[in-house]
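Asker: Heads up, the working numbering is the position in the sequence shown plus 22, with the first residue counted as 1. Yeah, the Cβ is synthetic: ideal placement off N, Cα and C, and Gly gets one too.
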Amino acid sequence: MPPLPVGLRSCPTCGEPRGKTPDGRVATCLCSGVRCNWCGTVYHRPITDYYLAGEGVWVHVPWFGLSYRVCQAPPDLRVGPHWTQLAVDSATREHLAMTTRRALEEAGRAIEESRLTVTGQARLGGRRPSDKSRA
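Here it is, written out as structure tokens:
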């Protein structure tokens, strides 16, 4: 098995790599994941990354990462809330906050750019800037 990247260590509870590398990548382990209340299976938390030590690769879990999971519990046990969030370590909490903040900033910039574009079109009487020559 290849050595873990600098900053990562094996979790004493689940054995998966966790921690933060010098370049800012955060690896979460199953201990900060999400547990299915119906069958008890633990999955990696959406919008996080984890490191597969055996293969030496990083894996990203998208926001919809839990939506395709099929619960193995019998239907009569599938009552109540489906997911329970497990405790989040400080590095994961910081990474999630930074990711959310960055997404909100990008959305704000996109809205402001579209607002400026609409305002500019209104000043031109509804024409696009490229339509000036046709006026």
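1. How many angstroms separate the CA atom of G55 from the CA atom of G78?
2. Helix, strand or coil for A157 per DSSP?
3. Can you check DSSP and say which residues form a bridge with G158?
4. In terms of DSSP beta bridges, what is R57 paired with?
5. Pull up the DSSP beta-bridge partners for L74, would you.
6. Nearest by alpha-carbon distance to L88: which of P68, L74, D98 and T106 is it?
7. Hey, how far is the Cα of Y127 from the Cα of Y65?
8. What do you reckon, are the CB atoms on R47 and D71 nearer than 8 Å?
Answerer: Judging by the given coordinates:
1. A straight-line Cα-Cα distance of about 20 Å links G55 and G78.
2. Confidence in A157 is poor, its pLDDT being 48 and thus under 50, which makes the residue's placement too unreliable to answer from.
3. Outside the displayed span of the chain (23 to 157) sits residue 158, for which this structure offers no information.
4. According to DSSP, which records beta bridges pairwise, R57 is partnered with V64 and T106.
5. Per DSSP, the beta bridge partners of L74 are V79.
6. That would be P68, whose Cα lies nearest to the Cα of L88.
7. Checking the displayed sequence, the identity of residue 127 turns out to be Glu instead of Tyr. Straight-line Cα distance between these residues: approximately 29 Å.
8. Contact flag set, yes.
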